[in-house]
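Position in the first sequence counted from 1, then plus 1, gives you this note's numbering. Beta carbons are placed, not taken as given, at the ideal position from N, Cα and C, and that holds for glycine. Quick caveat: nothing in here was measured; it's all calculated off a predicted structure. I have placed the structure first, in the form of structure tokens, so that the comments after it can refer back to it.
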Amino acid sequence: MVGEKPNVASKLAQALGNYSIEENHGVKNYIVETDDEKIIIAPAVGHIFNLEQTSEGWDYPVFEVDWAPTFETSDSADYMKKYYRNLRDQCEKADEYINACDFDLEGSVIGDRVIKELGTTDESRIRRMKFSTLTPSDLEEAFDNLEDFDKGMTEAGLTRHILDFYYGINVSRALMQAVRENDRYKTLSTGRVQGPALNFLAEREREIQEFEPDPYWEIFLHNSEFRAKFHDDGDERIWEEEVADGIFSEIEGEDEAEVSNIKINNYSHKPPVPFNLTGLQKEASSQFNINPKTTQSIAQDLYEDSLISYPRTESQKLPPKIGYKNILNKLKNQENYTEKAKKVLKKDKSDNLYTKQGKKEDDAHPAIYPTGQNPGNLSKNERKVYDLIVKRFFAVFGKPAKRQSLTMTLEVNGYTFNAKSKVTKKRNWFDLYDPYVKVEEAELPELEEGEKLPVDEFEQAEKETQPPRRFSQTSIVSELEKRNLGTKATRAQVVDRLYDREFIKDDPIVVTDLGLTIAETLEEYSPEIVSEELTREFEERMESIKNQEESKEEALERARDELGETLRNFKEQEKEIGAKLVRAIDKYRDQKRKLGPCDRDDCDGTLQIIRTDNGRFVGCTEYDDCENTYPLPNNGEVTSQGEICDECGTPKIHVSRKSGNNYEMCIDPDCSTKDDW
DNA sequence: GCAAGGTC
């Protein structure tokens, strides 16, 4: 019996009854023996097999692919070796095989590859276990009702892999080949998820670049305790200057306003929902400015240390069977959390604890929660993310906070102004989530309708409309989630790859010229790859393969035809496409080497990184007239900090090393900021 | 040197 991962293998064993453990290559196998059979439950670790090209060379199109052990095709998959070897040993012993991986396309592929590559290709000897949660009762029932080999799902899953390979590898190669035709080299990539992700970002970037702001005016009434804003039937913005001037001249000099209306609204502010991975990533980004990929890897570490539950979950639900009380009692023993844990436990003495639940579900895992186990030494960021997870766990038990909003309408010469306030009357769950509650608290003086109020002054402010907001690393991950592109485990990685390729930079995200040019090129020559429709189409095809209405080979044949046409067209215009890409690459590289203005008084040049055979240094663009130079560190990537040193006036740089040892400094080695270096 | 999807 093959489980999707070590944890699940253990759960399968627990559900099946008495078991013993046999270790092989450092991997735990679970042995369950009955009167007439012996079951070995062995874990995979996700995709133990992966696609690789079987033909030679880097040309495209490439359509010849086959499955190979992942540790052989990927440098970072060394840890899979022992699992692979164990599966090989266990598969040799078996007469029959059960695929007990997650019941979805990927699970079907994971189990199928292990069994077919290492066990048997005889499908009559393969069974499929179908379960939707990992509870013992579900697993037991699934085991008692083993189904035949799931040909449809497996074929659909295998096809999904191959189609993604076809589209991703080939179009990526086409881009790189185009650049190489122009005698340059740059790693470029795109794919079914990367493509649309870049496209959303590029569309937004163009909207921002093309945005033309409209001016408008606002008028404020200032009192010693608050300010109120002019509005005309709810509209606070005045679009013509003459109109604003007119109103202003009629109220200017008035020193009193009358309270014409007070509206009080009491409302509940509900507690948040339990964290799924995206929710945690969003909150870690807004609270600590930690990017989604880092949060994911921190969460994985915390999970491996048994401090939190499985983090790669879509679920926003915390079922009672996780044992609320037990976890809360353990948290109570942690110094930092004693008070909050007590508060939650006190809430209901009758054991009827319940939590707020979100809408999203996940078949395999509940929402993220702390196990209660006492953490040892955590890094600074680990501590932050852990604290956030614990406090969110407390918060979901809380009662809604009681809030009150107050809108006060003031009148001056027939013109109306609004002052608004929001205050918390009862904190409830706010106390459990401190210090992560972010709500507005602004109080207004207690006044009554008809009362007169002194005015300090009126203010007329000119403003302008703002361009659309940029995506952040987090909001683009949410956007992908909303559109069902990628999965919980891959979205942050996809965004990270766009940074690696230099298609995007900074956060909030700015699309580079290279990114814009790539998006434009793909839109023109391979529009399917930047369209989210490709994913929808894949989903439909997988559905029909699953139902055995279409065969894997038919689907692949069709993709080879369609993609082949696109790629031929691309290839014909390779040189021009490449020239355009090269211009964008050069422009970006040129921008990247510019560090800041030359610090010589009489020089208007720009200091930039100069590379030589022996290394690199900083020189001035006006090097005919200006001999200003500075040394640079030999190792690490140097980028401009976009700032000038207060002490010496030279540009500040950011040095990032592969070791993860990053630092900032100005480029003058004699600057007093380095006195104690 | 290229994807997307699992996972440690």
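Query, Result
"Relative to the alpha-carbon of Glu305, which residue among Gly377, Glu253, Thr279 and Asn266 has its alpha-carbon at the smallest distance?", "Gly377"
"State yes or no: is the C-beta of Glu255 within less than 7 Å of the C-beta of Val511?", "no"
"Which residues mark the beginning and the end of the alpha helix (DSSP H) in which Thr536 is found?", "Glu534 to Lys547"
"Entirely within the stretch 73 to 150 and at least 3 residues each: give me those beta strand (DSSP E) ranges in chain order.", "98 to 101 and 127 to 129"
"Considering just the uninterrupted stretch of the alpha helix (DSSP H) at Ile519, what are its terminal residues?", "Asp514 to Tyr526"
"Out of curiosity, what's the CA-to-CA distance linking Glu241 and Pro321?", "59 Å"
"How about the stretch 588 to 601 and the stretch 642 to 659: do they share at least three Cβ pairs that are nearer than 8 Å?", "yes"
"CA-CA distance, Val63 and Pro436?", "54 Å"
"Are the Cβ atoms of Cys646 and Cys667 separated by less than 7 Å?", "yes"
"If we ignore side chains and look at the alpha-carbon of each, how far apart do Glu444 and Ile265 end up?", "12 Å"
"Counting C-beta neighbours from all protein chains within 10 Å, is the total for Glu24 16 or more, i.e. buried, or is it exposed?", "exposed"
"Please check the pair Pro275 and Val397, which I expect to be a contact at CB under 8 Å, by giving their CB distance rounded to whole angstroms.", "5 Å"
"With Gln91 and Ile32 assumed to form a contact (beta carbons below 8 Å), what rounded beta-carbon distance in angstroms separates them?", "Gln91 to Ile32, Cβ: 10 Å. No contact."
"Compute the Euclidean distance between the alpha carbons of Ser133 and Gly487, then round it to the nearest angstrom.", "21 Å"
"Report the rounded CA-to-CA distance for Tyr526 versus Leu411, giving the unit in angstroms.", "60 Å"
"To which residues of the same chain is Glu208 closer than 6 Å at the C-beta, ignoring the five residues directly before and after it?", "Pro469"
"Could you say which of Pro137, Lys152 and Asp151 lies nearest to Asp145 if we only look at CA atoms?", "Pro137"
"Smallest Cα separation from Asn615: which of Thr622, Pro634 and Thr279?", "Pro634"
"Just to confirm the assignment: which complete alpha helix (DSSP H) runs, minimum length 4, are found wholly within the stretch 274 to 302?", "278 to 289"
"Cβ atoms of Trp68 and Arg114: under 7 Å apart, would you say?", "yes"
"Under a three-way DSSP split, which group does Thr71 fall into?", "helix"
"For a quick check, are the C-beta atoms of Phe249 and Ile220 less than 7 Å apart?", "yes"
"With respect to the alpha helix (DSSP H) encompassing Ile328, which residues constitute its N-terminal and C-terminal limits?", "Tyr325 to Lys333"
"For the alpha helix (DSSP H) that contains Glu255, what are its first and last residues?", "Per DSSP, Glu255 belongs to no alpha helix (DSSP H) and is neither H nor E."
"If you scan the stretch 197 to 254 from start to end, which runs of the beta strand (DSSP E) of 3 or more residues do you find wholly inside it?", "216 to 223 and 228 to 232"
"Give every residue of the same chain whose Cβ lies closer than 6 Å to the Cβ of Ser682, excluding the five residues on either side of it in the sequence, and list them in chain order.", "Not covered by the structure: residue 682. The range shown for the chain is 2 to 678."
"Suppose only complete runs of 3+ residues qualify. What are the beta strand (DSSP E) ranges in the stretch 562 to 639, listed by chain order?", "595 to 598, 607 to 613, 616 to 621 and 630 to 632"
"Is it buried or exposed, Thr122, if we count other Cβ atoms within 10 angstroms and call 16 or more buried?", "exposed"
"For the putative contact between Leu202 and Phe418, defined by C-beta atoms under 8 Å, what is the C-beta separation to the nearest angstrom?", "Leu202 to Phe418, Cβ: 40 Å. No contact."
"For Gln467, count neighbouring Cβ atoms within 10 angstroms of its own Cβ and tell me buried if that reaches 16, exposed if not.", "exposed"
"Considering only DSSP beta bridges, list what His26 is partnered with.", "Note: His26 sits in no beta bridge, so no partner."
"Consult DSSP for Gln642 and reduce its assignment to one of helix, strand or coil.", "strand"
"CA-CA distance, Tyr98 and Thr155?", "15 Å"
"To the nearest whole angstrom, what separates the beta carbons of Pro455 and His270, a pair I think is in contact under 8 Å?", "Wrong, their Cβ atoms sit about 33 Å apart, outside the cutoff."
"Taking C-alpha atoms, which residue in Asn224, Thr339 and Ile111 lies nearest to Glu458?", "Asn224"
"Enumerate in chain order the residues of its own chain whose CB-to-CB distance from Glu65 is below 8 Å, with the five nearest sequence positions on each side excluded.", "Gln54, Thr55 and Ser56"
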